[in-house]
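If you count by UniProt numbering, then the sequence shown holds residues 1 to 376, one letter each, in order.
Where is the CB? At the ideal position from N, CA and C, for every residue including glycine.
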Amino acid sequence: MAVTPDSAMRVAAVYACVRIISGAVATLPLHIKRRIDARTREDASDAPIWQLLRGRPNRWQTPSQFRRMLQAHLLLRGNAYAMIVRSRGTVQALIPLHPDRVEVVQGEDLALSFLYTRPDGRRLRLAQDEVLHLVGLTLDGVRGVSPIAYARETIGLALAMEDHGATTFRNGARVSGVLRHPQKLGPEAVANLKAGLEAFRAGGDQEGKHLILEEGMDYARIAMTAEDGQWIESRKFSRSDIAMFFGVPPHMIGDTEKSTSWGTGIEQQSIGFVAYTLEDHLTMWEEALDRDLIGADDLLYARFNRAALVKGDIRARWEAYVKGLQWGVWSPNEIRTLEDQNPRDGGDVYYPPPNMTAEAGKAENESIDPDAQADP
Numbered sequence: 001m002a003v004t005p006d007s008a009m010r011v012a013a014v015y016a017c018v019r020i021i022s023g024a025v026a027t028l029p030l031h032i033k034r035r036i037d038a039r040t041r042e043d044a045s046d047a048p049i050w051q052l053l054r055g056r057p058n059r060w061q062t063p064s065q066f067r068r069m070l071q072a073h074l075l076l077r078g079n080a081y082a083m084i085v086r087s088r089g090t091v092q093a094l095i096p097l098h099p100d101r102v103e104v105v106q107g108e109d110l111a112l113s114f115l116y117t118r119p120d121g122r123r124l125r126l127a128q129d130e131v132l133h134l135v136g137l138t139l140d141g142v143r144g145v146s147p148i149a150y151a152r153e154t155i156g157l158a159l160a161m162e163d164h165g166a167t168t169f170r171n172g173a174r175v176s177g178v179l180r181h182p183q184k185l186g187p188e189a190v191a192n193l194k195a196g197l198e199a200f201r202a203g204g205d206q207e208g209k210h211l212i213l214e215e216g217m218d219y220a221r222i223a224m225t226a227e228d229g230q231w232i233e234s235r236k237f238s239r240s241d242i243a244m245f246f247g248v249p250p251h252m253i254g255d256t257e258k259s260t261s262w263g264t265g266i267e268q269q270s271i272g273f274v275a276y277t278l279e280d281h282l283t284m285w286e287e288a289l290d291r292d293l294i295g296a297d298d299l300l301y302a303r304f305n306r307a308a309l310v311k312g313d314i315r316a317r318w319e320a321y322v323k324g325l326q327w328g329v330w331s332p333n334e335i336r337t338l339e340d341q342n343p344r345d346g347g348d349v350y351y352p353p354p355n356m357t358a359e360a361g362k363a364e365n366e367s368i369d370p371d372a373q374a375d376p
């Protein structure tokens with residue numbers, strides 16, 4: 001059975017892995033930051049690239065749709081491409097290109113060019129600075145390798161089992177029980193029984209009704225066979241293997257049979273997923289945007305807000321805010337900004353850490369001369 005990116009998406013585990021990773025990349029807030037000095041940063045909301053990546057990358061896609069599509073291309077084919085449309089040196093639009101229509105060529109000067117085949121068959125050569133190129137795992141430093149290509153055997157097995165199971169249950173090939181008659185049935189009785197069984201199994205108006213057995217006939221149920229158990233276990237094994245290829249913990253695609261070693265609760269699962277899977281993809285996106293879109297401007301850089309992944313855990317989020325306030329990491333207004341609230345007067349204060357306040361008070365008390373406080 002041929003395994004292609006499109007056929008692989010018929011496997012529930014593949015679809016779930018692609019959906020989870022691409023959805024996370026698409027929904028994480030992406031910021032363009034500006035370096036003010038060695039320690040100070042600010043949102044570069046006045047930069048044209050900000051409007052492009054956070055507003056409208058092209059005429060028909062939203063930012064999340066654009067990122068979700070390119071991330072899915074990357075996961076299924078190892079590469080993702082978007083043509084960069086510039087006007088007077090400013091990036092105006094990003095046009096996604098299907099990876100199957102793009103060929104990467106490295107010249108003798110090591111510069112890359114991209115040959116894009118249009119739907120009408122014409123070919124367009126694009127220079128390296130005209131393409132946003134996202135590369136997954138690569139063995140030659142130029143082209144990414146597709147997880148589908150290396151997981152071909154596992155995905156092919158999963159497809160074969162899906163088709164086998166669907167065909168078996170659709171055609172009723174699996175025998176779940178037998179009918180026993182105390183005597184031998186004649187040809188006419190066998191034909192009548194067969195017609196009755198086929199009508200009963202046809203569903204529709206017969207759905208949920210009881211099968212009436214006559215002439216002392218009884219029904220004997222057949223328990224699950226070893227082959228049935230092996231089929232179920234093989235499906236579980238292939239599902240776990242596919243999750244491993246994509247770096248997604250099995251419990252995130254519905255395989256909750258085994259407990260996770262990443263801890264319990266939404267917060268711990270999200271932290272583990274970010275650290276061991278998403279961080280690789282997010283860093284790749286940031287570096288590609290810096291290289292292909294921002295270019296020579298050393299003051300600007302792209303940055304995803306990783307903290308947004310745990311935003312659904314209200315308790316963990318507010319515990320982090322309280323600690324950030326107590327230790328002077330955040331001001332109240334910075335926390336209000338994270339919650340999409342307007343700043344308030346007096347909210348730009350950074351509180352000193354509790355231990356520093358206590359130490360300062362202790363030092364002040366020790367510096368007071370007790371004799372000077374005594375009455376004359």
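Counting along the chain, where does the beta strand (DSSP E) carrying residue i start and finish?
i	result
Leu134	Val131 to Val135
Asn333	Note, Asn333: premise wrong, no beta strand (DSSP E); alpha helix (DSSP H) at Pro332 to Leu338.
Thr117	Leu112 to Thr117
Ile32	Leu30 to Arg35
Pro96	Thr90 to Leu97
Ile84	Asn79 to Ser87
Asp43	Arg41 to Asp43
Tyr301	Leu300 to Phe304
Leu53	Segment Pro48 to Arg54 is the alpha helix (DSSP H) holding Leu53; no beta strand (DSSP E) there.
Ala127	Arg123 to Ala127
Using CA coordinates, which residue listed in the options is at the minimum distance from residue i?
i	options	result
Gly107	Gly121, Arg317, Ala149 and Leu126	Leu126
Leu74	Gly328, Leu282, Tyr350 and Gln326	Leu282
Gln243	Pro96, Ala151, Val142 and Ala2	Rather than Gln, the amino acid found at residue 243 in this sequence is Ala. Per the Cα distances, Ala151.
Ala80	Leu289, Ile335, Thr90 and Arg336	Leu289
Ala275	Arg306, Thr27 and Asp345	Arg306
Glu339	Tyr351, Trp60, Asn192 and Tyr321	Tyr321
Leu30	Leu53, Glu42 and Ser22	Leu53
Tyr351	Ser331, Pro147, Phe246 and Ala191	Ser331
Arg19	Val142, His98, Arg86 and Gly247	Gly247
Trp60	Ala149, Glu319, Leu278 and Ile95	Ile95
Val105	Met83, Gln128 and Leu97	Gln128
Thr4	Arg315, Arg35 and Ser146	Ser146
Trp285	Ala82, Pro354 and Glu103	Ala82
Asn58	Arg34, Leu97 and Glu42	Leu97
Gly324	Leu309, Val349, Asp345 and Pro343	Val349
Gly254	Ser7, Ala2 and Val14	Val14
Ala316	Ile271, Asn192, Asn342 and Pro99	Ile271
Arg336	Pro353, Trp318 and Trp327	Trp318
Pro353	Asn342, Trp327, Asp345 and Pro343	Trp327
Asp6	Glu42, Arg143, Ile84 and Ile148	Ile148
Leu278	Ser22, Ala12 and Ala38	Ser22
Asp100	Ile84, Val85, Arg86 and Gly121	Gly121
Ala26	Leu137, Asp280, Phe304 and Arg344	Phe304
Gly141	Val102, Gly78, Ala191 and Asn192	Gly78
Ala72	Ala24, Gln341 and Leu139	Ala24
Val102	Gly347, Asp37, Arg143 and Thr62	Arg143
Asp280	Gly55, Thr62, Leu137 and Asn192	Leu137
Pull up the CB-CB distance for residue i and residue j, whole angstroms please, since I reckon it's below 8 angstroms.
i	j	result
Leu300	Ala47	6 angstroms
Ser240	Pro250	5 angstroms
Ile314	Ala302	Actually they are not in contact, since the Cβ atoms of Ile314 and Ala302 sit about 28 angstroms apart, beyond 8 angstroms.
Leu28	Ala308	6 angstroms
Glu76	Ala8	Note that residue 76 is Leu in the sequence shown here, rather than Glu. Going by Cβ atoms, the distance from Leu76 to Ala8 rounds to 7 angstroms, so yes, they are a contact pair.
Ile84	Asp292	7 angstroms
Lys33	Arg39	Lys33 to Arg39, Cβ: 13 angstroms. No contact.
Taking the alpha helix (DSSP H) that residue i belongs to, which residues open and close that run?
i	result
Gln106	That residue, Gln106, is in no alpha helix (DSSP H); its beta strand (DSSP E) goes Val102 to Gln106.
Arg317	Ile314 to Gln326
Tyr15	Ala12 to Thr27
Ala149	Pro147 to Tyr150
Ala288	Glu279 to Leu289
Asp6	Pro5 to Ala8
With a cut-off of 8 angstroms, does the C-beta of residue i fall near any C-beta of chain B?
i	result
Gly347	Going by chain labels, chain B is absent from the structure shown, which holds only one protein chain.
- Query: Do three or more CB pairs link the stretch 104-119 to the stretch 59-78 at distances below 8 angstroms?
  - Reply: no
- Item | contact_flag[the stretch 132-148, the stretch 116-124] where n(CB pairs < 8 angstroms) is 3 or more | no
- Message: Would you call the stretch 80-97 in contact with the stretch 28-47, where contact means no fewer than 3 C-beta pairs closer than 8 angstroms?
- Response: no
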